[in-house]
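Chains as they are written, first to last, in our numbering: chain A, 11 to 131; chain B, 11 to 131.
Protein chains: 2
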Amino acid sequence: MAYQAINFKEKLDLFSEHWSPRVIAEMNDYQFKLVKIQGQFVWHKHPDTDETFIVLAGEMQIVFKEEQVDLAAGEMFVVPRGVEHKPLAAKECRILVIEPRGVVNTGDVGGDLTAENDIWV
Amino acid sequence: MAYQAINFKEKLDLFSEHWSPRVIAEMNDYQFKLVKIQGQFVWHKHPDTDETFIVLAGEMQIVFKEEQVDLAAGEMFVVPRGVEHKPLAAKECRILVIEPRGVVNTGDVGGDLTAENDIWV
Numbered sequence: 011m012a013y014q015a016i017n018f019k020e021k022l023d024l025f026s027e028h029w030s031p032r033v034i035a036e037m038n039d040y041q042f043k044l045v046k047i048q049g050q051f052v053w054h055k056h057p058d059t060d061e062t063f064i065v066l067a068g069e070m071q072i073v074f075k076e077e078q079v080d081l082a083a084g085e086m087f088v089v090p091r092g093v094e095h096k097p098l099a100a101k102e103c104r105i106l107v108i109e110p111r112g113v114v115n116t117g118d119v120g121g122d123l124t125a126e127n128d129i130w131v
Numbered sequence: 011m012a013y014q015a016i017n018f019k020e021k022l023d024l025f026s027e028h029w030s031p032r033v034i035a036e037m038n039d040y041q042f043k044l045v046k047i048q049g050q051f052v053w054h055k056h057p058d059t060d061e062t063f064i065v066l067a068g069e070m071q072i073v074f075k076e077e078q079v080d081l082a083a084g085e086m087f088v089v090p091r092g093v094e095h096k097p098l099a100a101k102e103c104r105i106l107v108i109e110p111r112g113v114v115n116t117g118d119v120g121g122d123l124t125a126e127n128d129i130w131v
């Protein structure tokens, strides 16, 4: 065995692409993914699962059809399954996303921002 | 709807007991629990699930039979299912634990440190 702590900052320093999730750990069939975000993502939903956002550094918003959640470092939000949402960040924001293995970042809509899945860092 | 960010520090300020997990959110059948820990916990394992520790403030150790993981704020570790472990912290440490709903903090051993489950804050 060679158990080791996973340091968010060290892992975040290893990549720079926006909207490109990097897996850092798995718990049962769930994955922990670091993501650097900036600008507007696409409207989408995940029909089969909730999706957790934890902000590690910076600020972001998750926009819903009729409201908006503002998130800063040290805050989290769980987007319920099936609910349309659009993440965005005016400046670069660093987040930890937790969701089942295999969930695609653009959910039901696809498009240019669809990231390759299951890339580890 | 009244979606709201969950602020770790605000929630942590609402209780002071050690080794007494408080649920702050759910994602599918998983729970996010804040815990303030200090001193030594009991050796135990969770035969049916992995268990995630994220350190929010302070430092902790997770001791295994043949090694130890040191964790500081901004670091995480996933304890594999079935592996005996003992969390400890010399000074108060504030952590976020993620695991399936219904998991008992003392796992397979029980005892005085067994906390009531599913207490929200």
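Backbone N, C-alpha and C fix where the C-beta goes; we use that ideal spot for every residue, glycine too.
**Q.** Inter-residue CB distance, leucine 98 of chain B and valine 73 of chain B (contact presumed, cutoff 8 Å)
**A.** Rounded, the Cβ-Cβ distance is 7 Å, consistent with contact.
Q: Given a cut-off of 8 Å, decide if phenylalanine 18 of chain B and leucine 66 of chain B are closer than it, judged by their beta-carbon atoms.
A: Against a cut-off of 8 Å, the Cβ pair of phenylalanine 18 of chain B and leucine 66 of chain B comes out as a contact.
Q: Note down, in chain order, each residue of its chain lying with its Cβ closer than 7 Å to the Cβ of isoleucine 16 of chain A, except the 5 sequence neighbours on either side.
A: Non-local C-beta neighbours of isoleucine 16 of chain A in its own chain, meaning closer than 7 Å and more than five positions away in sequence, comprise Ile34, Ala35, ordered along the chain.
**Q.** Runs of beta strand (DSSP E) lying entirely within the stretch 45-131 of chain A, each at least 3 residues, in chain order
**A.** Correct list: 61-67, 69-73, 78-82, 85-89, 96-110.
Q) Should glutamate 109 of chain A and tryptophan 53 of chain A be called a contact, given that it needs their Cβ atoms to be closer than 8 Å? A) It is not a contact, given that the beta carbons lie outside the stated cut-off.
Q: Compare the Cα-Cα distances from leucine 106 of chain B to each of B:Val119, B:Phe42, B:Asn127, B:Ala125 and report the closest residue.
A: Closest option to leucine 106 of chain B, judged by alpha-carbon separation, among B:Val119, B:Phe42, B:Asn127, B:Ala125: B:Phe42.
(Q) So, with DSSP's three-state summary, where would you put glutamate 27 of chain B? (A) The answer is coil: DSSP assigns glutamate 27 of chain B none of H, G, I, E or B.
Q: Name, please, each residue of chain A whose Cβ falls closer than 7 Å to the Cβ of alanine 35 of chain B.
A: Within chain A, the C-beta atoms nearer than 7 Å to that of alanine 35 of chain B come from Met86, Val88, in chain order.
Q. Would you say cysteine 103 of chain B and glycine 49 of chain B are within 8 Å of each other, going by their C-beta atoms?
A. Contact check for cysteine 103 of chain B against glycine 49 of chain B fails: the beta carbons are separated by 8 Å or more.
Q: Have a look at valine 45 of chain A and tryptophan 29 of chain A and give me their C-alpha separation to the nearest angstrom.
A: When rounded, the distance between both Cα atoms is 6 Å.
Q: Take the Cβ of arginine 111 of chain A as the centre, count every other Cβ of all protein chains shown within 10 Å, and call the residue buried at 16 or more, exposed below.
A: The residue is exposed, with fewer than 16 neighbouring Cβ atoms inside 10 Å.
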